[in-house]
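Colleague:
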Amino acid sequence: MGNETLTITDNRTGRTYTIPLTNGNIRTMDLRQIRKDPDDFGVMGYDPAFMNTASCRSAITFIDGDKGILQYRGYPIDELAEKCSFLEVAYLLLNGELPNQGELQEWEGTIRHHTMIHETTKKFLEGFRYDAHPMSMLISTVAALSTVYHEARNVHDAKIRRLQMARLIAKMPTIAAYCYRHSLGFPYVYPDNDLSYTENFMNMLWKMVEPKYHANPIMAKALDVLFILHADHEQNCSANVMRSAGSSQADPYAATAAAAAALSGPLHGGANEEVLRMLDEIGSKDKVPAYVERVKKGDVKLMGFGHRVYKNYDPRARIIKWTADQVFQVTGRNQKLDIALELERIALEDEYFIKRKLYPNVDFYSGIIYQAMGFKPEVFTVLFAIPRTVGWLAQWEEMLNDNEQKIARPRQVYVGAAERHIPPKTNAALEPAAIGA
Ligand SMILES: CC(C)(COP(=O)(O)OP(=O)(O)OC[C@H]1O[C@@H](n2cnc3c(N)ncnc32)[C@H](O)[C@@H]1OP(=O)(O)O)[C@@H](O)C(=O)NCCC(=O)NCCS
């Protein structure tokens, strides 16, 4: 086995085991052979919240949290944001390579072809209350797509699978825009396939009575960049849910709805909405120090700060700051930016945040941009879900094609009562004979 091994001595038995290392990691199943006696179950890893457990091998996204590196299929995120469109990046994430011109044209054509949603799905959306949260509508509507595409259950048929993936990527902006317009009471706008992916999304969001919607190119580029930044983030909470739900061979609409549900929480994709609420609560720049004190006392969390993986600056936050400058040239500066910058300045100098390696994450500035673009905070997570659908689908397909994967089923360490038995009943009135049974 050479040196790529780990030697473990079980001090309970004195026995020694040699465990192979692959890419520097052990397979936790190799720990099972370590037993006190033949009846013993064997040693397991106990790892709540997967702090140090890899659940898969993946070739999609690479993150080095200490160095602040994010790459999709080997390409640095800043290069992709600068030089590629969102659909090129989507193709890269799904296929492993950037498309050539012909492949890109075909891919864009495929996505255009599937942007419409079935009229029954539109009617389904109309049934939601006027004040329904857009993310709740999105989750339910994505799940409802499986009522339309029955063949989606054939998850092992590559052709059928790819068709559903294209449908999901194409229909997500349509569903998201309909959820948004529903919450405003505006009529739905059908897709305009003359337009690019993001321009068409803007068209479905904001077109009113003008015959043709013309997107502002700076805003369209900014949205495209934001979509690229949010497209994948390796084994985050929602990607893990996508893989886990998909591992039961549920259809991709059901699995994507499950992933979107995971994304909706305030500790994940819901954080950008919470950042805006927090900035509203703070109110002005001079109130920032008092708020930071509350955070340090543990009364509140600084939303948009901290990350499970990044313990250095989140590389996406840097690109987002640049994007914010572009957007503010069109929309005018969002006043919340001053509060956010002051929060960042104070927090980055403060021992509490330095010690815990808490830096702004992608959500800290994205909400400020979205608000400047005219979105209500309730829609922010929906904007996150559109591009992340690509990442979920790439992770899902990789999982299905991985021979080592099976239905995801973690172990537990049982800490409940030992076997016990119901004592004989003492109240005679409740005895079966007494109640005439
Ligand atoms: C993202 C997040 C869930 C990661 O959590 P995690 O890896 O489990 O980190 P922990 O919760 O163990 O935090 C470690 C320490 O930092 C503190 N901490 C983490 N995030 C914090 C925040 N946003 N504000 C204040 N303190 C924070 C914790 O209280 C803990 O302190 P302690 O050691 O004194 O108990 C967490 O940082 C968070 O809740 N951030 C705010 C929500 C957010 O922006 N989410 C978007 C992620 S892209």
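Take the sequence shown: its position 236, counting from 1, is numbered 235 in numbering that gives the first Met the number 0, and each next residue is one higher. The C-beta atom is built at its ideal place from N, Cα and C for all residues, glycine as well.
Going along the chain, which unbroken runs of the alpha helix (DSSP H) with 4 or more residues stay wholly within the segment 276 to 309?
Modeller: You should have 287 to 296.
Colleague: Looking only at its own chain, which residues have a Cβ that is under 7 Å from the Cβ of Arg276, when we skip the five neighbours before and after it?
Modeller: For Arg276, where only same-chain residues beyond five positions count, the Cβ hits under 7 Å are Pro376.
Colleague: Any idea what DSSP makes of Tyr189, helix, strand or coil?
Modeller: Note: Tyr189 maps to coil in three-state DSSP.
Colleague: Is any heavy atom in ligand 1 found nearer than 6 Å to the beta carbon of Lys320?
Modeller: No, ligand 1 has no heavy atom inside 6 Å of this Cβ.
Colleague: Using the rule of at least 16 other Cβ atoms within 10 Å of the residue's Cβ for burial, across every protein chain shown, is Val291 buried or exposed?
Modeller: Buried.
Colleague: Given the structure, does Gly306 come close to ligand 1, in the sense that its CB is under 6 Å from one of the ligand's heavy atoms?
Modeller: First, the amino acid is wrong: residue 306 is His here, not Gly. Yes; taking the cut-off as 6 Å, the Cβ of His306 has a heavy atom of ligand 1 nearer than that.
Colleague: Could you tell me the distance, in whole angstroms, from the CA atom of Pro186 to the CA atom of Met203?
Modeller: If you take the alpha carbons of Pro186 and Met203, they lie about 10 Å apart.
Colleague: Could you say if the segment 60 to 78 and the segment 156 to 167 meet the contact criterion of at least three C-beta pairs nearer than 8 Å?
Modeller: Cβ pair count under 8 Å is below three, so no.
Colleague: With a 10 Å radius around its C-beta and 16 neighbouring C-beta atoms as the bar for buried, classify Ala175 as buried or exposed.
Modeller: Ala175 comes out buried.
Colleague: With DSSP as the reference, please indicate the residues paired to Tyr74 in a beta bridge.
Modeller: Paired residues: Tyr71.
Colleague: Below 7 Å between beta carbons: does that hold for Arg242 and Met115?
Modeller: In this structure, Met115 does not lie closer than 7 Å to Arg242 by Cβ.
Colleague: Would you kindly report the start and end of the unbroken alpha helix (DSSP H) that includes Thr255?
Modeller: Here the alpha helix (DSSP H) through Thr255 covers Pro251 to Leu262.
Colleague: What would DSSP say about Thr437, mapped onto helix, strand or coil?
Modeller: There is simply no residue 437 to check, as the chain begins at 0 and stops at 436 in what is shown.
Colleague: Could you give the distance in angstroms between the alpha-carbon of Tyr45 and the alpha-carbon of Ile368?
Modeller: Rounded to the nearest angstrom, the two C-alpha atoms are 41 Å apart.
Colleague: Using CA coordinates, which residue listed in His213, Ile227 and Pro98 is at the minimum distance from Leu79?
Modeller: Closest option to Leu79, Cα to Cα, is Ile227.
Colleague: Within a Cβ cutoff of 7 Å, which residues of the same chain sit near Ile406, ignoring the five residues on either side of it in sequence?
Modeller: Taken in chain order, the residues that qualify are Ser246 and Ser247.
Colleague: Please state whether DSSP places Thr4 in a helix, a strand or coil.
Modeller: It is a strand residue.
Colleague: Shortest alpha-carbon distance to Val224 belongs to which of Met372, Thr322 and Ala316?
Modeller: It is Thr322 whose Cα lies nearest to the Cα of Val224.
Colleague: Please report the residue range of the alpha helix (DSSP H) in which Ile368 lies.
Modeller: Here the alpha helix (DSSP H) through Ile368 covers Val361 to Met372.
Colleague: Using the three-state DSSP reduction, which class does Asp63 fall into: helix, strand or coil?
Modeller: Reduced to three states, the DSSP call for Asp63 is strand.
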